[in-house]
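Residue numbering for the sequence shown is 631 to 729, as defined by the numbering used here.
Take a look at the structure set out below.
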Amino acid sequence: MKQQLTTTVRVEGKGENKAAAFSSALSQVQRTVLKSSASNVLLRIEPQDVKVITAEESVKREKFLFFFLAREKKSYYVALDITVNLTVINTEQVVFVTK
631 MKQQLTTTVR
641 VEGKGENKAA
651 AFSSALSQVQ
661 RTVLKSSASN
671 VLLRIEPQDV
681 KVITAEESVK
691 REKFLFFFLA
701 REKKSYYVAL
711 DITVNLTVIN
721 TEQVVFVTK
């Protein structure tokens, strides 16, 4: 009934700083795992390993009226492979009694 599974999840995130990009990516782990395990009830998600696939920084230069107040606007993008241990209850193995 209760099972231990190990799986790898690929998630992506964007943000205005590095921490926001990683936070955005890590917040998608639970959502991605829930989509892949339709017949199971999740009890615990434990990350075991994080691998950075891509990490990109993009810089845009903005100017007011093409000349004034020049500034650089940075944005960050990260793609991660996260290996997670899952503790699940397989609902297919649970016997329900009809009353």
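Think of the CB as a built atom: it goes at the ideal place given N, C-alpha and C, for glycine as much as any other residue.
**Request:** Along the alpha helix (DSSP H) that carries V659, what are the first and last residues, could you check?
**Result:** Start and end: V659 to S666.
**Prompt:** For the alpha helix (DSSP H) that contains F652, what are its first and last residues?
**Reply:** Start and end: K648 to L656.
**Host beta strand (DSSP E) of T717 (start-end)** = Boundaries of the beta strand (DSSP E) harbouring T717: F698 to N720, taken from the DSSP string.
**Request:** Would you mind working out which of T728, T721 and K729 sits nearest L672, comparing C-alpha positions?
**Result:** The residue with the shortest Cα to Cα distance from L672 is T721.
**Prompt:** Apart from the five residues just before and just after I719, which ones in its own chain have a Cβ nearer than 7 angstroms to its Cβ?
**Reply:** The answer, listed in chain order, is M631, K632, N670, V671 and L673.
**Item:** Reference T636; option with closest CA among V680, S688, V727 and L716
**Value:** Checking every option, the nearest Cα to that of T636 belongs to L716.
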